[in-house]
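Residue numbers (the numbering used here), protein chains in the order written: chain X, 1 to 441; chain C, 1001 to 1441; chain Y, 2001 to 2441.
Backbone N, C-alpha and C define an ideal beta-carbon position, used for all residues, glycine too.
Step one of this worksheet: look at the structure below.
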Amino acid sequence: MKNILKFGVPAIAALALAEPALAQDVAADAVSPGTAYIFNTLLFLIGGFLVMWMAAGFAMLEAGLVRAKNTSTQCLKNIGLYSIAGLMFWVIGYNIAYPGFGEDSMGLFGMAGTIYPMQEVGGADTDTGYSVASDWFFQMVFCATTASIVSGTLAERIKIVPFFIFVTVLTAVIYPVVVSWEWGGGYLDSVWGFSDFAGSTLVHSTGGWAALVGALILGPRLGRYVDGKLVVFPGTNIPLATLGTFILWLGWFGFNGASQLAMGTVGDVSDVSKIFVNTNMAACAGVVVAIIATQLRYKKADVTMALNGALAGLVAITAEPLAPSVGHAIIIGGIGGLLPVIFVPILDKLKIDDVVGAIPVHLVAGIWGTLIVPWTGDATFVGQLVGVLLTMVWVCVASAVVWFILKAVMGLRPSAEVEMDGLDMHETGIEAYPDFTKHAA
Amino acid sequence: MKNILKFGVPAIAALALAEPALAQDVAADAVSPGTAYIFNTLLFLIGGFLVMWMAAGFAMLEAGLVRAKNTSTQCLKNIGLYSIAGLMFWVIGYNIAYPGFGEDSMGLFGMAGTIYPMQEVGGADTDTGYSVASDWFFQMVFCATTASIVSGTLAERIKIVPFFIFVTVLTAVIYPVVVSWEWGGGYLDSVWGFSDFAGSTLVHSTGGWAALVGALILGPRLGRYVDGKLVVFPGTNIPLATLGTFILWLGWFGFNGASQLAMGTVGDVSDVSKIFVNTNMAACAGVVVAIIATQLRYKKADVTMALNGALAGLVAITAEPLAPSVGHAIIIGGIGGLLPVIFVPILDKLKIDDVVGAIPVHLVAGIWGTLIVPWTGDATFVGQLVGVLLTMVWVCVASAVVWFILKAVMGLRPSAEVEMDGLDMHETGIEAYPDFTKHAA
Amino acid sequence: MKNILKFGVPAIAALALAEPALAQDVAADAVSPGTAYIFNTLLFLIGGFLVMWMAAGFAMLEAGLVRAKNTSTQCLKNIGLYSIAGLMFWVIGYNIAYPGFGEDSMGLFGMAGTIYPMQEVGGADTDTGYSVASDWFFQMVFCATTASIVSGTLAERIKIVPFFIFVTVLTAVIYPVVVSWEWGGGYLDSVWGFSDFAGSTLVHSTGGWAALVGALILGPRLGRYVDGKLVVFPGTNIPLATLGTFILWLGWFGFNGASQLAMGTVGDVSDVSKIFVNTNMAACAGVVVAIIATQLRYKKADVTMALNGALAGLVAITAEPLAPSVGHAIIIGGIGGLLPVIFVPILDKLKIDDVVGAIPVHLVAGIWGTLIVPWTGDATFVGQLVGVLLTMVWVCVASAVVWFILKAVMGLRPSAEVEMDGLDMHETGIEAYPDFTKHAA
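Given below as structure tokens:
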């Protein structure tokens, strides 16, 4: 995300409106500062509710891809993690993410102040060119997205309470620290010129690394790898997973589009429009590539790979959705769509059990999208690599510490009996589909 | 909802734009009346389609929480009630809700005129600062929401035709009369200074009272209470209920945010932003409180209580989503989230059969939200209490009359055989999940 | 769709702002060109993401109405067709649809140039009054909608690969040619004054004709008509179909509302508002009529007919959602809602197997909506009839050619064994509901 233009262009425009002597072509694009403020705020609000809606997308995607006996638990985890993220980002997260680093700071760790107020909607806000509350809301839903990624990978074998505690730390500290380095103007932004427009690394890889470390520490689901061979645990509800993917796709217009952070000028709203098109086309390409690849490789057009192809295309274009031409976006997204087809089997070969394929989609495609930014955007490959690696080190170490503490204190996994019965029966006490599955007993 | 500013600030702003001599800080926030008109209208349109979407939320929530054998009927009731609400609010409801009370009127009953025209989109509209049609659309979807609440409580045991007739009267007369007292500028507004920003009482309690009266007259589902003990009828599809809750949460940004009724000024759009944050945080708090409460009380984190906690938090903040600080909103929503945990068992002890928990969520949390307004907003406790009680008396009496007439004329409940078979087979003729449930037979 | 006003009114408005001597009532509605540009672009973006969301609506509607054994395939087809439409509309479709016909052209076939660039978001865009990329996005999602209609009718018996190839041709050529005649300013627009505001004919009938021809060439599903009698194949998931209908209804506010193509003036945004109301009320009327009609005819209130009634009402009002009064809209939509009740049995009598009822909903109601335009709008019955017939001839012939070529080259239908097993097992390799349906085996 770039910094918002603080009335540079709009101020000139207002002048132009009041001064008929100025050239007409300047006046033609004029937007008064008050009007620009409303547009910018509206962009955050629309973008915010679209990204909030992605929480439902993750919930449906994951509910559709787990087995019936763990579905209620997965639903609970998803609505719970969004809620925890909201509270934690308010209590502390936002202040860590946007700390206003001092001059002597390396820009690595900082904090802005006490609990974020947001009560004032008066004069001070006007200087920024948008409502502070609208910006906060937009940032908060990104924080929740990061946590959603973790829940998918670790599904079906982690207890509810330690999962929620991990989410608390992730959204309060781990994710905000990463954000501070880049969008908060810290180390990666100021020293390395790292570029991550809407969060291929900051959001998706962060979630992906936390998920990967969790998967390694938790181990695979019982019965998943038997005698070195993969046992397929088919998802329970493919239309639900499809719905989740469409929801995420829709939400991504807010995720990428509103990361322009402004639409109060003709240039900004045109950029938002181009981002919409590039975002959409990267996803289209991801789907088509995944379908063709699985048709060629397995003689079947794999629907879950098509869904993951859409998501991987979206993750890939997220690091730079504005600079690419449509042709670039198709290539970036298309290669993104290939990554799950390649990496899902690799993870299984490594016996890393990723229930919904979140690691190929969010981590691998996130790295791909970040490293390809220099092709079209204003960044260096080295700077991008440093950003990827620093994020990896921090998130992996911090996550591992938290996971190991939780494992020591309360244990992460339910008993084998509970896992075989399904978590729904024991952890939330409510079966997801009692009228359909009881006949199996 | 407050009255819309009729070009007060914008008019000054327009002047400022045309007059460079005025102070710069005034000019900086200037929005021309035409621009403000578009923004205000756009707020109604966006808010309107988000609240319309809540109809899908109620449909999914209820379809997920009834048993499979009544699911198709529940879907039909939900799309039907929205459609009836639309027609009835046009035929008569809007005119009752916004009657333009005469001077001698007590402001209790009135009517604006004949069928609402809305053809004219020309000059007259401009005086209001927004398109009349956009406002009508926004008001209509609120009317539909009220009816949605009733369908959840009474599910699985009321015939389709009397249900639809009740909805007709509710949306044509019962709800609009309540609205007229407050948003229409009638008795509660002018005499008691009653305050209900987006409808904790006007929408949610109204629906809740109608549902409660209906539940008392209908009686519980067959086999629900046996030998004084509750028999659990588990919901058939928890992911669908989760989806419904997320849809409602999303829609609530429109419900509360657009109830600001204007975003054509810097102040208004900043207020809308603050409402978004407070609405979101109240729901987050409701979820977390419900999860913690059920974990402590039952040693299980109850997913349906988490869903109801979100909704109760949302209902609670609806009476005043603007005045509270974020901290206030969290407390108001958090206590809201506790109410279903407390009141669902109480209702069952009283043998009041509320299939989806709509009475705790919409009625109890609606009363809570209304009575707590004086803590942060501009209202008195007595005024709020009068509003709650007057709504109770009117809606309960009017609903009871309609329910009893319907019971006498055509009967409300299907035969015991139909109820045991499920309403789907007999009333709509279409099973909801024929491929899954037939194996049970 | 009408042509966008190219700064006519806004230019005057800007002048008014800068000139206090002008009459106040002109100044009151003034919107600067820059501001109007942002509003117009925003309308395309909001309308665009709402129509994109309709892809999910079609997916859910169709996934809900097919049998469980074909559900995964149907999900794949829907996400695939949207993606193909995006790519094809970029490669060639848009250029065919908006060709800038030469003076000697009959306006029947044309092409604008090479692959649509969209890179430039600078000066040139400003002349149009909106971002070109936003317009392209809005047009692209319409193209995808057309393809969605075909997938529903032909479900459960067409192989994935030929289906996708047909979609490729449909979205690259067949649909764009139809668009060029009317919205592209070609033959129907310039010669016949044909009027189709948002696409009752251009989108819905085009999809409907392609589906009808496909259904005739494919033939019915195995076992559908036995001894001249219809065998009911019930839909597998009614709540999903209901969800899909609500999604489509929501998306239609973008489909019709944003087809106003501008909201940068007080008049335009008021028109968009009126379109919202008319669109909503036509759907409401369609639902109520379908419920009453099935209750009277079959003594059951058929939920799938209620869903189709909503959609048929929406299709019917799409040709002219602005000119009608609300009363007109209710009549147009109500009659629309009756059409599936009448035509679904007729199609079955003709042994045309339309799995989801797309032909009555999109083709028949689309024709109805197109022919009734002269009642309220600016068109002649003859002109409308020519539009309907020309579209019929072109789409039927072109589709038949493609279907026959595909049939000859690779075959359209799977083997009888595959069809009886369900396409999911063989074509995509993933069962939709493995935990629910395996017990049937």
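Of all residues in the region 2130-2150 of chain Y, the ones placed with a Cβ closer than 9 Å to any Cβ belonging to chain X are 2130, 2131, 2132, 2133, 2134, 2135, 2136, 2137, 2140, 2141, in chain order. For the options 1144/C, 1137/C, 1198/C, 1216/C, the alpha carbon positioned closest to that of residue 1355/C is the one of 1216/C. For residue 2297/Y, the enclosing alpha helix (DSSP H) stretches over residues 2266-2298. Using a CB distance cut-off of 7 Å, residue 175/X does not count as an interface residue toward chain C. When secondary structure is reduced to three states using DSSP, residue 1069/C falls in the helix class. Boundaries cannot be given for residue 1424/C, as no alpha helix (DSSP H) includes it and DSSP labels it neither H nor E. For residue 53/X, the closest Cβ of chain C is nearer than 7 Å.
A contact is defined here as three or more CB-CB pairs under 8 Å, and the region 2277-2291 of chain Y meets this definition with respect to the region 2312-2325 of chain Y. In the three-state reduction of the DSSP assignment, residue 188/X falls in the helix class, which pools H, G and I. Rounded to the nearest angstrom, the gap between the Cα atoms of residue 199/X and residue 1309/C is 31 Å. Taking the Cα positions, residue 2280/Y is about 53 Å away from residue 397/X.
DSSP places residue 1229/C within a strand segment (E or B) once states are collapsed to three.
Residues of chain Y whose Cβ lies closer than 8 Å to the Cβ of residue 1431/C are, in chain order, 2234, 2238. Cβ contact annotation for residue 2148/Y (same chain, cutoff 6 Å, sequence separation greater than five): 2058, in chain order. Annotation: residue 156/X is outside any alpha helix (DSSP H) and is labelled neither H nor E by DSSP. Between the alpha carbons of residue 185/X and residue 236/X lies a gap of roughly 44 Å. Neighbours of residue 331/X in chain Y, taken as residues whose beta carbon is under 9 Å from its own, are absent, since the nearest beta carbon is some 12 Å off. Spatial neighbours of residue 298/X in its own chain (CB-CB distance under 6 Å, excluding positions within 5 residues in sequence) are not present. Judged by DSSP in its simplified three-state form, residue 1372/C adopts coil rather than helix or strand. Residue 356/X: not part of any alpha helix (DSSP H); DSSP gives it neither H nor E. Closest by C-alpha distance to residue 1220/C, out of 1208/C, 1233/C, 1209/C, is 1233/C. A direct Cα-to-Cα measurement between residue 2322/Y and residue 2208/Y gives close to 24 Å. Not one beta carbon of chain X lies nearer than 7 Å to the beta carbon of residue 2412/Y. Residue burial annotation: residue 1417/C is exposed, with fewer than 16 other C-beta atoms found within 10 angstroms of its C-beta.
Using a Cβ distance threshold of 7 Å, residue 1241/C and residue 1385/C do not count as a contacting pair.
Taking 8 Å as the upper bound for CB-CB distance, residue 2173/Y and residue 2079/Y are not in contact here, some 22 Å apart.
Neighbourhood of residue 86/X in chain C, by CB distance below 7 Å: 1280, 1281, 1284, in chain order. Straight across, the Cα-Cα distance linking residue 363/X with residue 213/X is about 12 Å. CA-to-CA, the gap between residue 194/X and residue 344/X works out to about 28 Å. Chain Y places a beta carbon closer than 7 Å to that of residue 1075/C, counting this residue as a contact. The beta-carbon of residue 2250/Y is placed less than 7 Å from the nearest beta-carbon of chain C. Ranked by Cα distance from residue 54/X, the options 330/X, 73/X, 353/X, 252/X are led by 252/X. Pairwise C-beta distances place the region 1042-1050 of chain C in contact with the region 1133-1148 of chain C, as three or more of them are shorter than 8 Å. In this chain, the alpha helix (DSSP H) harbouring residue 408/X covers 381-409. By the rule that beta-carbons nearer than 7 Å mark a contact, residue 2080/Y touches chain X. Cα atoms of residue 1243/C and residue 2334/Y: separation of roughly 30 Å, rounded to the nearest angstrom.
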